[in-house]
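Numbering of the sequence shown is given in my numbering, commencing with residue 1 and proceeding in unit increments.
All C-beta atoms, glycine included, are put in the ideal place defined by N, C-alpha and C.
Note that this is a predicted model, so its numbers are computed, not measured.
A short write-up of the structure that comes next.
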Amino acid sequence: MAQNEKVVVTGLGVLTGLGDTYEDMWKSLLAGKSAIKKVDFPGFEMEQYSAKTSAMIEGFDVNNYFEADKGLKRNGRVTNFGLVAAKKALEDAGFAFNLIKTQSGKIIYEVQNIDRFRCAVVLGVGVHNMDISEKWHINLVENKGPRKLSPFALPFIPTNSVAALVTDKFNLKGPSYVVSTACASGTHALMNAYHLLRAGVVDIVVAGGAEACITPYVYGGFDAMQALSCNSDPDKACRPFDVNRDGFIMGEGGGILVLETESHAKKRGARIHSEFAGGGMSSDAFHITIPDPQGESASTMIATALETAGVSREEVGYINAHGTSTPLNDPNESFIIKKVFGDYAYKIPVNSTKSMLGHSIGASGSIEAIVCILTILHNKIHPTRNLENPDINYSDRFYPDLDKRCDLDYVPFHPREKTVDVTLSQSFGFGGHNSAVIFRRYLNGR
């Protein structure tokens, strides 16, 4: 059990509103395409919602990805997103499956040629299986009691069920758990996986995030908080760092990575996408929804991430921002980047994947980590959509001396060709949860 080994990325799997392969997603991002559309909840009065758009995945059917079995029908949407993204990541990592049909009719996709006790599953989920939860709550109220509740309702609702059912589907028997830190969940899951590998606890981790909370209650809750954009034009609603931004757009999906120690990946002859160089985590200890306006903890976290990865500030060639298109996040994040990188901040391309995919909460960080790796592999940076008027005159009325102008290089309108060897992806979750991950071009024998 060697410790402090280099961690590498060997598999990538995505499920997004811009495609269910990372190749399709990447092409759409480079083209500046948006997954954002009008939102509709059948049976609900949509005029009660101020927000009008989301980046929901349309026409999803888990049976398009797995041999049909009745177990899949019981799963919540977020669980099935996690299953699909995990399967795609394992396939991309070069693993094959042995299909086993149990007496109960369940079909297991047993991963072949793996020490299943040395493979962990660590997933980030911001909100639990709300589609199931809301369905059975309505059932409870309509029947004035639990008379018609299914015995399968409760076990499939909790957040941990996502990781549990991924391990069950692929017969993986190492540690498995879910990290839930709101919008930072996927990034925190990657950092947890990184530490498991560096500590020598396991050889391989299926890690990332999944989310499916575009439901009447959750969407309505964010709407009531005035956190969502009220712009009714799907093409224009999400506009990170723009002076006319007015809130985020809810997205959904899954982003899963297969992470391994370098020696394990080399031993099995795996293709290595990139090195997972390091990262950081911290807490604001400030407010349940508002980020610390002075950015002390977030900036310290990013500096620690750079130190952990052995990367200088001048080596960072690209930053995938949290970039939510909210009034507070974008100037605060711009300030944090300037606080960490100083004058060099103006030389780093920074973009927002959420400008096209929306904000998929627990899945956003891991999807954006995959975008970072694709940036390294293709030497291209996707544009930030709808950045027509950067908020270059922003001033924090409580902290006017802090430079929170949105005046960095946000790669507006068009993709950019650039050789990028080191990327930084950062996530900031409600509750003051901060996390960042750093990926580096993999060079054998570095």
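Point to revise | 3-residue-minimum beta strand (DSSP E) runs that sit fully inside the stretch 180-231, ordered along the chain | key: 204-211
Check your understanding: What is the DSSP secondary structure of HIS359, reduced to helix, strand or coil?
Key -> By 1-based counting over the sequence shown, the position of residue 359 is 359. DSSP places HIS359 in strand when its eight states are reduced to three.
Check your understanding: Whose C-alpha, out of LYS106, VAL202, ASN98, VAL78, is nearest the C-alpha of CYS119?
Key -> As a position in the sequence shown, residue 119 is number 119, starting the count at 1. Among LYS106, VAL202, ASN98, VAL78, the Cα nearest to that of CYS119 is on VAL202.
Review point. Is the CB-CB distance between ALA89 and GLY19 below 9 Å?
Key: Taking the sequence shown and counting its residues from 1, the one referred to as residue 89 is at position 89. Taking the sequence shown and counting its residues from 1, the one referred to as residue 19 is at position 19. No; because the gap between Cβ atoms is not below 9 Å, this pair is not in contact.
Exercise for review: Measure the alpha-carbon distance for ALA86 versus ILE107 and round it to whole angstroms.
Suggested key: The residue you call residue 86 lines up with position 86 of the sequence shown. The residue you call residue 107 lines up with position 107 of the sequence shown. The alpha-carbon atoms of ALA86 and ILE107 are separated by roughly 16 Å.
Exercise for review: List the DSSP bridge partners of ASP242.
Suggested key: Position 242 of the sequence shown, counting from 1, holds the residue named residue 242. DSSP output for ASP242 lists PRO390 as bridge partner(s).
Check your understanding: Among LYS37, PHE156, GLN426, which has the Cα closest to the Cα of TRP136?
Key -> In the sequence shown, residue 136 corresponds to position 136, counting from 1. The shortest Cα separation from TRP136 among LYS37, PHE156, GLN426 belongs to PHE156.
Practice item. Let me know the secondary structure DSSP gives ALA298 once reduced to three states. Key: Here residue 298 refers to the residue found at position 298 of the sequence shown. ALA298: helix per DSSP, three-state reduction.
Check your understanding: For PRO291, which of THR324, PRO175, LYS52, ALA68 has the nearest alpha-carbon?
Key -> Here residue 291 corresponds to residue number 291 of the sequence shown, with the count starting at 1. If we check each option's Cα against that of PRO291, THR324 comes out closest.
Review point. On the three-state DSSP scale, how would you describe MET56?
Key: Within the sequence shown, the letter at position 56 stands for residue 56. DSSP places MET56 in coil when its eight states are reduced to three.
Check your understanding: Using 8 Å as the threshold, is the stretch 235-244 in touch with the stretch 381-390, meaning 3 or more CB pairs across them?
Key -> yes
Exercise for review: Answer yes or no: do VAL206 and LEU172 have a C-beta to C-beta separation smaller than 9 Å?
Suggested key: Here residue 206 refers to the residue found at position 206 of the sequence shown. Here residue 172 refers to the residue found at position 172 of the sequence shown. Contact: yes.
Point to revise | Pairwise C-alpha distance: ALA163 and PHE117 | key: Looking up residue 117 in the sequence shown gives position 117. Looking up residue 163 in the sequence shown gives position 163. Those two C-alpha atoms are separated by around 15 Å.
Review point. Does the separation of the CB atoms of ILE392 and ILE348 fall below 9 Å?
Key: Along the sequence shown, read from residue 1 onward, the residue named residue 392 stands at position 392. Along the sequence shown, read from residue 1 onward, the residue named residue 348 stands at position 348. No, the Cβ-Cβ distance between ILE392 and ILE348 is not below 9 Å.
Review point. Taking the alpha-carbon positions, what's the GLU451 to ALA55 distance?
Key: An answer regarding residue 451 cannot be provided, because it is not within the stretch 1 to 446 covered by the chain.
Review point. Does the distance from the C-beta atom of LEU196 to that of GLU260 stay below 9 Å?
Key: The residue labelled residue 196 in the question sits at position 196 within the sequence shown. The residue labelled residue 260 in the question sits at position 260 within the sequence shown. Going by C-beta atoms, LEU196 is not nearer than 9 Å to GLU260.
Review point. How should LYS169 be labelled, buried or exposed, when 16 other C-beta atoms within 10 angstroms of its C-beta is the threshold for buried?
Key: As a working mapping, residue 169 is identified with position 169 in the sequence shown. So LYS169 counts as buried.
Exercise for review: Could you give the DSSP three-state label for GLY82: helix, strand or coil?
Suggested key: If you number the sequence shown from 1, residue 82 lands on position 82. Of the three classes helix, strand and coil, the one that applies to GLY82 here is helix, per DSSP.
Review point. Which residues mark the beginning and the end of the beta strand (DSSP E) in which SER283 is found?
Key: Position 283 of the sequence shown, counting from 1, holds the residue named residue 283. Where SER283 is concerned, the enclosing beta strand (DSSP E) stretches over 274-283.
Review point. Hey, GLU211 and VAL127 are a contact pair by Cβ (cut 8 Å); roughly how many whole angstroms apart?
Key: On the sequence shown, residue 211 is found 211 positions in, with the first residue counted as 1. On the sequence shown, residue 127 is found 127 positions in, with the first residue counted as 1. Contact holds; Cβ gap of about 7 Å.
Exercise for review: Check whether the Cβ atoms of TYR22 and ASP92 sit closer than 9 Å, and answer yes or no.
Suggested key: By one-based count along the sequence shown, residue 22 stands at place 22. By one-based count along the sequence shown, residue 92 stands at place 92. Against a cut-off of 9 Å, the Cβ pair of ASP92 and TYR22 comes out as a contact.
Exercise for review: Please confirm if the stretch 410-421 is in contact with the stretch 57-72, defined as three or more CB-CB distances below 8 Å between the two stretches.
Suggested key: no
Check your understanding: Along the chain, where does the beta strand (DSSP E) that runs through THR261 open and close?
Key -> Mapped onto the sequence shown, residue 261 falls at position 261. Its beta strand (DSSP E) spans residues 253-261.
Point to revise | Selection from GLY124, THR353, LEU228 that minimises the alpha carbon distance to PHE413 | key: Here residue 413 refers to the residue found at position 413 of the sequence shown. Comparing Cα-Cα distances from PHE413 to each of GLY124, THR353, LEU228, the minimum goes to THR353.
Practice item. Would you kindly report the start and end of the unbroken alpha helix (DSSP H) that includes ASN320? Key: Within the sequence shown, the letter at position 320 stands for residue 320. Here ASN320 belongs to no alpha helix (DSSP H); instead the beta strand (DSSP E) covers 318-320.
Review point. DSSP on PRO155, reduced to helix/strand/coil?
Key: Residue 155 sits at position 155 when you count from the first residue of the sequence shown. In this structure, PRO155 counts as helix in the three-state DSSP scheme.
Review point. For SER427, which of helix, strand or coil comes out of DSSP?
Key: Within the sequence shown, the letter at position 427 stands for residue 427. Note: SER427 maps to strand in three-state DSSP.
Exercise for review: Determine the DSSP secondary structure at SER366, reduced to helix, strand or coil.
Suggested key: Your numbering for residue 366 matches position 366 in the sequence shown. It is helical.
Exercise for review: Report yes if the C-beta distance between ILE57 and GLU252 is below 9 Å; otherwise report no.
Suggested key: Numbered from its first residue, the sequence shown carries residue 57 at position 57. Numbered from its first residue, the sequence shown carries residue 252 at position 252. For ILE57 and GLU252, yes; Cβs fall inside 9 Å.
Point to revise | Classification of LEU443 by the beta-carbon crowding that lies within 10 angstroms, buried from 16 upward | key: Within the sequence shown, numbered from 1, the residue matching residue 443 stands at position 443. So LEU443 counts as exposed.
**Study point:** Buried or exposed by the 16-neighbour rule on C-beta atoms within 10 Å, applied to SER299
**Key:** Walking along the sequence shown from the start, residue 299 turns up at place 299. Classification for SER299: buried.
Review point. Which term fits ILE288, buried or exposed, when burial requires 16 or more other beta carbons within 10 angstroms of its beta carbon?
Key: Here residue 288 corresponds to residue number 288 of the sequence shown, with the count starting at 1. When all chains shown are included, ILE288 counts as exposed.
**Study point:** Element boundaries [beta strand (DSSP E), containing GLU314]
**Key:** As a working note, residue 314 is residue 314 in the sequence shown. That residue, GLU314, is in no beta strand (DSSP E); it is neither H nor E in DSSP.
Check your understanding: So the beta strand (DSSP E) ARG440 belongs to, where does it begin and stop?
Key -> Here residue 440 corresponds to residue number 440 of the sequence shown, with the count starting at 1. It spans 433-440 - the beta strand (DSSP E) in which ARG440 sits, taken as one unbroken run.
Review point. Should LYS266 go down as buried or exposed, given a rule of 16 or more other Cβ atoms within 10 Å for buried?
Key: Translated into the one-based positions of the sequence shown, residue 266 becomes position 266. It is exposed - the Cβ of LYS266 has fewer than 16 other Cβ atoms within 10 Å.
Exercise for review: Pick out whichever of SER283, ASN379, LYS73, ASP223 has its Cα sitting closest to the Cα of PHE430.
Suggested key: What you label residue 430 is simply residue 430 of the sequence shown in a count that begins at 1. It is SER283 whose Cα lies nearest to the Cα of PHE430.
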